[in-house]
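>
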Amino acid sequence: MESIVINIEGEVVDADKDDVLKRLKKVNALALKSAEGHIFDISGDVGGTGELTAVTIDSPEGLAICRHSTSHIMAHAVKDLYPSAKVTIGPSTEDGFYYDFDIDTPFTPDDLSAIEKAMQKIIKRNNPFVRKTMSKADAIELFKAMDEDYKVEIIEAIEADEVSLYEEGGFVDLCRGPHVPSTASVRAFKLLKTAGAYWRGDEKNKMLQRIYGTAFATSEDLKRHIELLEEIKRRDHRRLGRELDLFSMSDDIGAGLILWHPNGAMIRKTIEDFWREEHIKAGYKLLYTPHIARIDLWKKSGHVDFYKDNMYTPMDIDGADYEIKPMNCPFHIAVYKSALRSYRELPIKYAELGTVYRYERSGVLHGLLRVRGFTQDDAHIFCRIDQIESEILDVLDFTLYVLRTFGFEKYDVYLSTRPEKYVGTLDNWEIATEALRKALEKKGLKYETDPGEGVFYGPKIDIKVKDSLNRQWQCSTIQVDFNLPERFDVAYRASDDKDHLPIMIHRALMGSLERFFGILIEHYAGAFPLWLSPVQVSVLTISERQAEFAKETAGVLMKAGLRVETDLGDEKIGYKIRQSSIKKIPYAILIGDKEMESQSLTVRKRNGENISFADINSLLDFLREEIESRRYGHK
RNA sequence: GCCGGGAUAGCACAGUGGUAGUGCAGCUGAUUCGUAAUCAGCAGGUCGAGGGUUCAAAUCCCUUUCCCGGCUCCA
50 MESIVINIEG
60 EVVDADKDDV
70 LKRLKKVNAL
80 ALKSAEGHIF
90 DISGDVGGTG
100 ELTAVTIDSP
110 EGLAICRHST
120 SHIMAHAVKD
130 LYPSAKVTIG
140 PSTEDGFYYD
150 FDIDTPFTPD
160 DLSAIEKAMQ
170 KIIKRNNPFV
180 RKTMSKADAI
190 ELFKAMDEDY
200 KVEIIEAIEA
210 DEVSLYEEGG
220 FVDLCRGPHV
230 PSTASVRAFK
240 LLKTAGAYWR
250 GDEKNKMLQR
260 IYGTAFATSE
270 DLKRHIELLE
280 EIKRRDHRRL
290 GRELDLFSMS
300 DDIGAGLILW
310 HPNGAMIRKT
320 IEDFWREEHI
330 KAGYKLLYTP
340 HIARIDLWKK
350 SGHVDFYKDN
360 MYTPMDIDGA
370 DYEIKPMNCP
380 FHIAVYKSAL
390 RSYRELPIKY
400 AELGTVYRYE
410 RSGVLHGLLR
420 VRGFTQDDAH
430 IFCRIDQIES
440 EILDVLDFTL
450 YVLRTFGFEK
460 YDVYLSTRPE
470 KYVGTLDNWE
480 IATEALRKAL
490 EKKGLKYETD
500 PGEGVFYGPK
510 IDIKVKDSLN
520 RQWQCSTIQV
530 DFNLPERFDV
540 AYRASDDKDH
550 LPIMIHRALM
560 GSLERFFGIL
570 IEHYAGAFPL
580 WLSPVQVSVL
590 TISERQAEFA
600 KETAGVLMKA
610 GLRVETDLGD
620 EKIGYKIRQS
630 SIKKIPYAIL
640 IGDKEMESQS
650 LTVRKRNGEN
660 ISFADINSLL
670 DFLREEIESR
680 RYGHK
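Residues 50 to 684 (my numbering) make up the first sequence, in order.
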């Protein structure tokens, strides 16, 4: 026998000892992991030699194995209930699993609970997962006999001569494994939703029926996950958008087009003001450009060739075709080219909150996050290739400052390098990619390299922020472009009195204002920091006696530039506070006889906390400080 | 685009062939009250749009618009 040792909770045990299996069972081991990182079934033929470590459900690998096994159990249950269903694939995912079936009638929510019940029975039976191997030819025979066409297709595509199967309680599935020792190893699972999904994700293929589910180590973990899903629902920007009267969409206007209501518009205006001020400080020049342009412009830019699917049909104006803009870049180039540029002027940095329209397939539209008309916080930096690194450094600083201002402290950075299809010289790609890399390193930013994931026209840096629920969102992108300057004959006059080609850097910090707004709503759960809140202060009276004083107080605050709302009605104070809270107004000023007599102010924060101010000026100082710091002080 | 679900009062929803309902919001009146909902009354709907079946359609059928969940984390 080969000498295999197994590491159970730090203790190294010989594999040929009788009690190893018992001990693995005792620590609830689901699988074994070799020193090289290969994971095997406990009962399977592990092969190889060396030290193996017990994998439990507490590790990410263990949880993934459990979820994958749960998907098999689900497939088993589905086959029991709907024998005509054909099984396809059922992997584990980041927070659960799914399995795709080819079945004539799609699943309903009622089906899900029936399947869940059947799964529970299978789990109770404690069927062992048994691994078998057989030749490809035999496996094809087997699955052909079972009428499982998809499995046959999968096996035919496998290169190895031998494939593995897993059997559990009579249900056999082609699977690479590994699996948990037995169905009873699955402790807590739930089926979540059904959906259509194309076979192999290709819309040319047949539409299958997918069931999503999830599994966790304990029912407490599962409960926590379901609570998280509920929290995500509560924060949904579409729901909060209606409740807080921020924006809407209308059937009459069309899909993917956003109406910004006064509250949302006020937030947007505040973001835009901040954005413009900071861009001016950072040396950008602001532009405004048209919404349509002759189609020839888009032919020249290459958008008609590369981007046609996302562009709208041109409109005829006096016999010429005009196109609604999907991008701002050609306009910025036109501004650059409106004069002869000297190398002394570079870098030239143009910024615009440019509204663009892009065709998105109807099925992918989603609230503010995926729309057809949106405003980019776009900028283009024209520079010499030797200026790339320092420009990227500036842009990185700028981006992180802006993201931090909105409370995004955590982010992941990605550097994407040259893809197979590209334009520009290899030399330039090399120089630009290295400049991006150096800038990232100088900033001390940890980043991942995505080889070949760059755009055809140049390498790029993407920054994905993490929101308060730790969800990842891509907003910022910084892209080097060798293509457009050449296509448009962009030039600068260098010291040698000759024309040279500048490099263009495209960058967006927030991406799209619509999308960024949607992310912000969810990030803040609708409770915007004071500087962004559409209404910053509400003034509430205890009785009608204080109406005059309340109006005066509100007037002083409004004159000081604060956004103030009054509630002088005859409702009780509890009702008014509730109204103010529902609107998520950061501060409510409560005015009763006490305050009127002493001229002092009682302020109730959104979180229920009270603060007293001796007079209105001390309150103003307090509010001004919080606004100017753009702090996210309280929820 | 495709699969599935949906659209009924401002909002959340009930109503499966026979007189369109509930709660909240709104309006009116009473009440003048100290930290998340005072009470009563009133009003509000081409049942998303268009067509069809029927004596009769929110309800059944067709078309269409829009919204929602998804559509390779690859045995």
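Backbone N, C-alpha and C define an ideal beta-carbon position, used for all residues, glycine too.
1) So, are the CB atoms of His352 and Met376 less than 8 Å apart?
2) Return yes when the Cβ of Gly86 is within less than 8 Å of the Cβ of Gly262, no when it is not.
3) Express the C-alpha separation of Pro230 and Leu558 in angstroms, rounding to a whole number.
4) Taking one C-beta from the segment 542 to 549 and one from the segment 486 to 502 each time, how about it: are there three or more such pairs within less than 8 Å?
5) Just list the residues that DSSP pairs Thr404 with in beta bridges.
6) Could you give the distance in angstroms between the alpha-carbon of Ile366 and the alpha-carbon of Ile373?
7) Can you tell me whether Val95 is buried or exposed? The criterion is at least 16 other CB atoms within 10 Å of its CB, across all chains shown.
8) What alpha helix (DSSP H) runs, 4 residues minimum, are completely inside the segment 435 to 518?
9) Is the number of C-beta pairs between the segment 494 to 507 and the segment 462 to 478 that are closer than 8 Å three or more?
10) On the DSSP bridge assignment, give the partners of Met123 in chain order.
11) Mapping the DSSP letters down to three states, classify Val613 as helix, strand or coil.
12) Output needed for Ile660: all residues of its chain with C-beta closer than 6 Å, excluding positions within five of it in sequence on either side, in chain order.
13) Could you check how far apart the C-beta atoms of Pro583 and Asn312 are, in whole angstroms? I think they sit under 8 Å.
14) Quick one, which of Arg283, Leu308 and Ala304 has its alpha-carbon nearest Asp294's?
15) Considering just the uninterrupted stretch of the beta strand (DSSP E) at Asp345, what are its terminal residues?
16) Fully enclosed by the segment 108 to 171, which beta strand (DSSP E) runs are 3 residues long or longer?
17) In this structure, how does DSSP classify Pro396 when only helix, strand and coil are distinguished?
18) Assign Asp427 to buried or exposed, taking buried as 16 or more other Cβ atoms, counted over all protein chains shown, within 10 Å of its Cβ.
19) Could you check where the alpha helix (DSSP H) with Gln628 kicks off and where it finishes?
20) Could you check whether the Cβ of Ile152 sits closer than 7 Å to any heavy atom belonging to the ligand FAD?
21) Quick one: using the 10 Å Cβ neighbour count with 16 as the cut-off for buried, is Asn532 buried or exposed?
22) What are the start and end residues of the alpha helix (DSSP H) that includes Arg284?
23) Going by DSSP, name the residue or residues bridged to Glu205.
24) Which residue comes first and which comes last in the alpha helix (DSSP H) that contains Phe323?
25) Excluding sequence positions up to five away, which residues of its chain have a Cβ less than 6 Å from the Cβ of Arg287?
26) Would you mind sorting Phe355 into buried or exposed? The rule is 16 or more other CB atoms within 10 Å of its CB.
27) Keeping to the same chain, check which residues put their C-beta closer than 8 Å to that of Arg673; ignore five residues upstream and five downstream.
28) What is the DSSP secondary structure of Gln595, reduced to helix, strand or coil?
29) Under the rule that 16 or more other beta-carbon atoms within 10 Å means buried, what is Lys200, buried or exposed?
30) Classify His228 as buried or exposed, calling it buried when 16 or more other Cβ atoms lie within 10 Å of its own Cβ.
31) Using the three-state DSSP reduction, which class does Arg180 fall into: helix, strand or coil?
32) Can you give the Cα-Cα distance for Arg305 and Arg291, rounded to whole angstroms?
33) Go through its chain and collect everything with a Cβ distance to Asp435's Cβ below 6 Å, but skip five positions before and after it.
34) Would you give the residue range spanned by the beta strand (DSSP E) that Ala369 belongs to?
35) Nearest CA to the CA of Asn175: which residue from Ser234, Gly219 and Phe192?
36) In this structure, does DSSP put Tyr681 in helix, strand or coil?
The short version:
1) Counting from one through the first sequence, the residue named residue 352 turns up at place 303. Counting from one through the first sequence, the residue named residue 376 turns up at place 327. A contact, by the Cβ cut-off of 8 Å.
2) Counting from one through the first sequence, the residue named residue 262 turns up at place 213. Counting from one through the first sequence, the residue named residue 86 turns up at place 37. No.
3) Along the first sequence, one-based indexing puts residue 558 at 509. Along the first sequence, one-based indexing puts residue 230 at 181. Computed Cα separation, rounded: 49 Å.
4) no
5) By one-based count along the first sequence, residue 404 stands at place 355. For Thr404, which the question treats as bridged, DSSP gives the partners Thr424.
6) Sequence index remark: in the first sequence, residue 366 carries index 317 (1-based). Sequence index remark: in the first sequence, residue 373 carries index 324 (1-based). Each residue's Cα considered, the two are about 12 Å apart.
7) For this step, residue 95 is matched to residue 46 along the first sequence. Below a pLDDT of 50, predicted positions are generally treated as unreliable, and Val95, at 49, falls in that range; the measurement from the model is reported next regardless. Counting other Cβ atoms within 10 Å of its Cβ, Val95 reaches 16 or more and is therefore classed as buried.
8) 437 to 454 and 475 to 491
9) yes
10) Indexing the first sequence from 1 puts residue 123 at position 74. DSSP lists no partner for Met123.
11) On the first sequence, residue 613 is found 564 positions in, with the first residue counted as 1. Reduced to three states, the DSSP call for Val613 is strand.
12) Sequence index remark: in the first sequence, residue 660 carries index 611 (1-based). Excluding residues within five positions, the ones whose Cβ falls inside 6 Å are Val652.
13) As a working note, residue 583 is residue 534 in the first sequence. As a working note, residue 312 is residue 263 in the first sequence. That belief holds up - the Cβ atoms of Pro583 and Asn312 are roughly 4 Å apart, short of 8 Å.
14) Against the first sequence, residue 294 aligns to sequence position 245. That would be Leu308, whose Cα lies nearest to the Cα of Asp294.
15) For the purposes of this step, residue 345 is taken as the residue at position 296 of the first sequence. It is not in any beta strand (DSSP E) - Asp345 instead sits in the alpha helix (DSSP H) that spans Ile344 to Ser350.
16) 145 to 151
17) Numbered from its first residue, the first sequence carries residue 396 at position 347. In the structure shown, Pro396 sits in coil (DSSP, three-state: anything other than H, G, I, E or B).
18) The residue labelled residue 427 in the question sits at position 378 within the first sequence. Burial call: buried.
19) What you label residue 628 is simply residue 579 of the first sequence in a count that begins at 1. Its alpha helix (DSSP H) spans residues Ile622 to Ile631.
20) Questions concerning the ligand FAD fall outside what the structure shown contains, since it holds no ligand whatsoever.
21) Working through the first sequence from its first residue, we reach residue 532 at position 483. Taking a 10 Å sphere around the C-beta of Asn532, we find 16 or more other C-beta atoms and assign the residue as buried.
22) For this step, residue 284 is matched to residue 235 along the first sequence. From DSSP, the alpha helix (DSSP H) with Arg284 extends over Ser268 to Arg284.
23) Residue numbering aside, residue 205 sits at position 156 when the first sequence is read from its first letter. Looking at the DSSP assignment, Glu205 forms no beta bridge with any residue, so it has no partner.
24) As a position in the first sequence, residue 323 is number 274, starting the count at 1. Counting along the chain, the alpha helix (DSSP H) containing Phe323 begins and ends at Pro311 to Lys330.
25) Residue 287 sits at position 238 when you count from the first residue of the first sequence. The answer, listed in chain order, is Gly416.
26) As a position in the first sequence, residue 355 is number 306, starting the count at 1. Flag for Phe355 reads exposed.
27) Looking up residue 673 in the first sequence gives position 624. Closer than 8 Å at the Cβ level, and outside the excluded window around Arg673, lie Ala609.
28) By 1-based counting over the first sequence, the position of residue 595 is 546. Note: Gln595 maps to helix in three-state DSSP.
29) Here residue 200 refers to the residue found at position 151 of the first sequence. It counts as buried.
30) For the purposes of this step, residue 228 is identified with residue 179 of the first sequence, where counting begins at 1. Buried, because 16 or more other Cβ atoms sit within 10 Å of the Cβ of His228.
31) Numbered from its first residue, the first sequence carries residue 180 at position 131. Arg180: strand per DSSP, three-state reduction.
32) The residue labelled residue 305 in the question sits at position 256 within the first sequence. The residue labelled residue 291 in the question sits at position 242 within the first sequence. Per the sequence shown, residue 305 should be read as Gly rather than Arg. One C-alpha to the other measures close to 16 Å.
33) Along the first sequence, one-based indexing puts residue 435 at 386. So no residue of the chain qualifies.
34) Residue mapping note: residue 369 aligns to position 320 of the first sequence, counting from 1. Per DSSP, Ala369 is one residue of the beta strand (DSSP E) stretching across Ala369 to Ile373.
35) Within the first sequence, residue 175 is the residue found at index 126, counting from 1. Comparing Cα-Cα distances from Asn175 to each of Ser234, Gly219 and Phe192, the minimum goes to Ser234.
36) Looking up residue 681 in the first sequence gives position 632. Here Tyr681 sits in coil by DSSP.
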